[in-house]
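So in the working numbering, the last spot in the sequence shown is 518, and the numbers never skip.
First up is the structure itself, then whatever we jot down about it.
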Amino acid sequence: MKRRRVIFGLRPLLGMALGACLSVSVAQAGSLVEFPTVSGNGIPAHLLGYLARPDGDGPFPAVVVLHGCAGFSSGGSLQLADELKDWGYVALTVDSLGPRGLTTGCGGPFIDQPGDAYAALRYLSQQLFVAPERVAVLGNSMGGYSALYAVDGGLMTRYFQDFKERFHGAVAYYPSCGIPATTMTAPSLILIGDADDWNSADRCRHMIAHARPDSAPIELVVYPGAHHGFNFAMLQPGRSSLGHWLEYNEPAAKDAEAKVRAFLAANLAGAAPAKPATQ
């Protein structure tokens with residue numbers, strides 16, 4: 240696998256491969272890594288990712304971070320990776336769009352992203368500084384949908400049989416809860432606002448209500464008055480995007496951060512084996 244050191248930021252290295260310049264307000268100090276994946280059409284591809292890791296040899300628990308439909312260059316997913324590093328986790332933010340020559344995933348489900356999550360999981364599991372049995376997946380918006388998709392037992396059986404690696408937790412910020420999710424293979428945490436006009440909290444309630452008794456637990460936290468993007472301080476003041484309202488909500492963001500930290504600590508500290516996929 241190829242690895243390069245990023246000293247003053249990702250912008251000089253990513254260039255055209257990412258399809259857009261980064262809008263990151265602070266300099267990043269992680270590694271740019273490359274690893275293989277397979278697109279939904281079966282064509283092999285190589286992904287780029289931003290790897291942030293704590294000091295020391297590890298092995299550390301890890302989190303795969305999946306961006307929203309605005310893409311890797313929107314900055315928010317890089318912010319999440321750096322926060323996770325500060326909490327003691329290796330974090331790998333995956334660019335699912337740029338290496339495929341795409342600039343947006345908005346307009347519908349992006350079918351390649353869940354498979355990219357597994358490709359990232361495999362890459363992390365091969366690193367000596369990562370504890371492979373202590374890896375979770377986290378995403379916001381489109382990435383949140385893909386995070387849930389990655390631990391849906393029925394979908395795993397159908398699409399991810401070639402991967403022996405398994406996620407041990409999934410965190411989804413304001414996802415589209417449009418997957419069956421009848422039997423989740425790992426504990427899941429969903430965080431969404433009741434004022435979200437892009438993805439519906441009621442749809443998440445409906446999804447959870449139809450989960451099977453043998454599903455791993457799914458926790459839903461709904462924040463009154465919170466909009467899409469409530470955890471990103473860059474969204475203040477709020478703004479419209481593709482007909483939807485995005486706005487930072489400090490109380491919701493702080494509570495969500497505390498819940499995510501507790502969730503990861505509970506599920507990645509000496510993680511038990513993940514549930515087998517539904518047959």
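Glycine included, every Cβ here is placed at the ideal spot set by N, Cα and C.
| Query | Result |
| --- | --- |
| Looking at the structure shown, is residue 439 part of a helix, part of a strand, or coil, going by DSSP? | coil |
| Unbroken beta strand (DSSP E) runs of length 3 or more, entirely within the segment 371–415: which are they? | 409–412 |
| Enumerated in chain order, which unbroken segments of the alpha helix (DSSP H) with a length of 4 residues or greater are wholly contained in the segment 290–364? | 315–325, 352–364 |
| Checking the sheet assignment: what are the DSSP bridge partners for residue 431? | 461 |
| Give the range of the alpha helix (DSSP H) segment to which residue 500 is assigned. | 489–507 |
| Helix, strand or coil: which one does DSSP assign to residue 284? | strand |
| Beta-carbon within less than 7 Å of residue 421's beta-carbon, same chain only, minus the 5 sequence neighbours each way: which residues are those? | 393, 449, 450, 451, 454 |
| Quick test of your reading: residue 377 and residue 302, contact by CB under 8 Å. State the CB separation rounded to the nearest angstrom. | 5 Å |
| Give a yes or no on contact between the segment 461–479 and the segment 407–422, applying the rule of three or more CB pairs nearer than 8 Å. | yes |
| Report yes if the C-beta distance between residue 311 and residue 336 is below 8 Å; otherwise report no. | yes |
| Can you have a look at residue 211 and say buried or exposed, based on whether 16 or more other CB atoms are within 10 angstroms of its CB? | Only positions 240 to 518 of the chain appear in this structure, which leaves residue 211 out of reach. |
| Expressed to the nearest angstrom, what Euclidean distance is found between the alpha-carbon atoms of residue 371 and residue 357? | 12 Å |
| Residue 291: buried (16+ other C-beta within 10 angstroms of its C-beta) or exposed? | buried |
| Assuming residue 295 contacts residue 333 under a Cβ cut-off of 8 Å, what Cβ separation, rounded to an integer in Å, is found between them? | No, residue 295 and residue 333 are not in contact; Cβ-Cβ is about 23 Å, not under 8 Å. |
| Measuring CB to CB, does residue 361 end up less than 8 Å from residue 406? | no |
| Tell me the DSSP bridge mates of residue 522? | Look at the range of the chain in this structure, 240 to 518, and you will see that residue 522 is not part of it. |
| So who's on the other strand from residue 445, going by DSSP bridges? | For residue 445, which the question treats as bridged, DSSP gives no partner whatsoever. |
| Could you check if residue 380 is buried or exposed, using at least 16 other CB atoms within 10 Å of its CB as the buried criterion? | buried |
| Which value, in whole angstroms, describes the spacing of the CA atoms of residue 447 and residue 464? | 21 Å |
| Out of 424, 437, 501, point me to the one whose CA is closest to residue 479's CA. | 437 |
| Comparing C-alpha positions only, which one of 324, 317, 269 sits nearest to residue 293? | 324 |
| Residue 408 and residue 375: beta carbons closer than 8 Å? | yes |
| Going by other Cβ atoms of all chains shown within 10 Å of its Cβ, with 16 needed for buried, is residue 475 buried or exposed? | exposed |
| Using CA atoms only, rank isn't needed, just tell me which of 508, 425, 440, 363 is closest to residue 390. | 425 |
| Rounded to whole angstroms, what is the Cα-Cα separation between residue 431 and residue 462? | 6 Å |
| Using a Cβ-Cβ cut-off of 6 Å (strictly less than) and excluding sequence neighbours within five positions of residue 499, which residues of its own chain qualify? | 410 |
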